[in-house]
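The block underneath contains the structure these notes are about, expressed in structure tokens.
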Amino acid sequence: MVLITVTKYAKKILEIVEQSRSHMTAEQIFMELRRTYPTVVLATVYNNLNRLWQDDLIRKVSVEGTPDRYDRIQRHDHLVCKECGKLLDVDLGDLTAQLEQKAGTAILSYDLKLVYLCDECRKKKGM
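Each residue of the sequence shown is one higher than the last, beginning at 11 in the working numbering.
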């Protein structure tokens, strides 16, 4: 059994990420964390987010052209607006068995992002 040491900052950051459904950036998490710990610095947030991600306690969602966002570890996938970068959760079920069959090998995890145009961007484009 591996024992993971979690700081008070990491515990609060984990709580913020798990309770949010808005896929917060490090800066947004920093602003929320400052409500509890006003003297915390942004570097502490980045360091703790990286550690939580490396320890598989949170997910990092990377979308080209936007800051990384952080999400709860619960299995789900994402819709990403190609135009504005809006990120929404979508539950497609666990596709691991199907992906392993297609890949011909066992996979550890996957991060499925479906690209679309959100309603607001469709309206702007007159669609």
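The beta carbon of each residue, even a glycine, is placed where N, CA and C say it ideally should be.
Which stretch, first to last residue, makes up the beta strand (DSSP E) that contains residue i?
i, result
"residue 81", "79 to 81"
"residue 133", "That residue, residue 133, is in no beta strand (DSSP E); its alpha helix (DSSP H) goes 129 to 134."
"residue 112", "Where residue 112 is concerned, there is no enclosing beta strand (DSSP E), although the alpha helix (DSSP H) it sits in stretches over 106 to 113."
The alpha helix (DSSP H) with residue i in it runs from where to where?
i, result
"residue 18", "18 to 29"
"residue 55", "52 to 64"
"residue 5", "Because the chain spans 11 through 137 in this model, residue 5 falls outside it and cannot be assessed."
Alpha carbons only, please: which of the options is nearest the one belonging to residue i?
i, options, result
"residue 84", "61, 103, 91", "103"
"residue 91", "126, 101, 70", "126"
"residue 108", "99, 100, 119", "119"
Which term fits residue i, buried or exposed, when burial requires 16 or more other beta carbons within 10 angstroms of its beta carbon?
i, result
"residue 134", "exposed"
"residue 31", "exposed"
"residue 79", "buried"
"residue 117", "exposed"
"residue 13", "Note on residue 13: pLDDT 47, under 50, position unreliable in the model; the coordinate value appears next. Exposed, by the Cβ-count rule."
"residue 20", "buried"
"residue 41", "exposed"
"residue 69", "buried"
"residue 81", "buried"
"residue 122", "exposed"
Examine chain D for any beta-carbon lying closer than 8 Å to the beta-carbon of residue i, and answer yes or no.
i, result
"residue 112", "Although the question refers to chain D, the structure presented lacks it and comprises just one protein chain."
Name the DSSP beta bridge partners of residue i, please?
i, result
"residue 122", "DSSP, once it has assigned bridges, lists no residue as partnering residue 122."
"residue 73", "Answer is none; residue 73 lacks a bridge partner."
"residue 88", "99, 123"
> Does the pairing of the stretch 94 to 114 with the stretch 51 to 64 give three or more beta-carbon distances under 8 Å?
Replying inline: no
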